[in-house]
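A short worksheet on the structure shown next.
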Amino acid sequence: MVIPNRVGQGGSGPGPISPDGSPIEMYERAEARGEDQLINAVLSPRSSILELGCGTGRITRPLLALGHQVLAVDESPDMVARITETETLCSTIEDLRLDRRFDLVLMMSFLINVPDDDARRGLLDTCARHVKPDGTVLLQQHDRRSFAQNAVLERENHRLVISDVQQLPGDRQAATMTHTVGEETWSQDILVQNLTEQQLTDQLRASGLELVDYLTPDQTWIRARPQQVAAT
Ligand SMILES: C[S@@+](CC[C@H](N)C(=O)[O-])C[C@H]1O[C@@H](n2cnc3c(N)ncnc32)[C@H](O)[C@@H]1O
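Under the working numbering, the first residue of the sequence shown carries the number 17, and numbering increases by one thereafter.
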């Protein structure tokens, strides 16, 4: 099956590339940088987690090691094929309809910033459909400051160049992210829709969710839950 690239997104480099431009081999080499601990801090022991857009399992494995149960979902068969430690599903998030609900629905990696409003609604509807009534939805959103200008970031064995940054009408931003890990280089084109808190609140509400708070001072980690019905 050939899945077309998503709008404004494409990627290049060695090995397979997912439809959103993410390089499988690069994610295979990447490790968690504290995200698992941040997520674990809001969970009860042995929680059930639906991880949407799991990639190669960079965060799945640490969550399993912390004792949680994870169903890992991604539309890229090349991505989910790398996860053998738990149950996986190859599906677009928007089309996911399971007859199960989870303590946590986790959607990281700025998927919420997809530039298409209908697609974003589809993602949030899936979160709402699969979270328990007393459960949590955790979303990681883009930080507009990371695309304020071209930049170079260095971490141990990993060099990230952010280039061709564009500030676009409608509070969108575009950039090319070029990752070099060891001897290999991958490029990914990114187009994101930034969301004000009001837009986020409205869009969560349209899917039956409500904003609870942010887990980090930069407000990139959003905690939401099913809308609470006021007692009469
Ligand atoms: C940037 S990668 C990050 C993977 C993982 N969350 C991590 O942090 O390592 C984003 C992943 O989301 C998947 N993805 C993007 N949009 C999707 C959609 N609408 N449905 C299913 N998977 C999607 C891509 O295939 C890719 O594997």
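Even glycine gets a Cβ: it sits at the ideal position worked out from N, Cα and C. Nothing here was measured: the structure is a model prediction, and the numbers come from that model.
query                                                                                                                                       : result
Are Leu227 and Thr217 closer than 7 Å when you measure CB to CB?                                                                            : yes
Using CA coordinates, which residue listed in Asp94, Leu127 and Val147 is at the minimum distance from Gly31?                               : Asp94
Distance, Cα to Cα, Gly29 vs Tyr230?                                                                                                        : 35 Å
If you count every other CB in all the chains shown that lies within 10 Å of the CB of Val96, and 16 or more means buried, which is it?     : buried
Counting C-beta neighbours from all protein chains within 10 Å, is the total for Ser92 16 or more, i.e. buried, or is it exposed?           : buried
Check whether the segment 162 to 176 and the segment 136 to 146 touch, using three or more Cβ-Cβ pairs below 8 Å as the test.               : no
Suppose only complete runs of 4+ residues qualify. What are the alpha helix (DSSP H) ranges in the segment 35 to 80, listed by chain order? : 40 to 45 and 51 to 56
Which one of Thr236, Ile33 and Asp36 has the shortest CA to CA distance from Arg160?                                                        : Thr236
Asn118 bridges to which residues according to DSSP?                                                                                         : A small correction: the amino acid at residue 118 is Phe; Asn does not occupy that position in the sequence shown. Paired residue(s): Val147.
My guess is that Ala88 and Glu67 are in contact by the Cβ rule of under 8 Å, so how many angstroms apart are they, rounded?                 : 5 Å
Which residues mark the beginning and the end of the alpha helix (DSSP H) in which Thr232 is found?                                         : Note, Thr232: premise wrong, no alpha helix (DSSP H); not H, not E.
One question on the structure: do Gln209 and Asn129 come within less than 7 Å of each other, judged by their Cβ atoms?                      : yes
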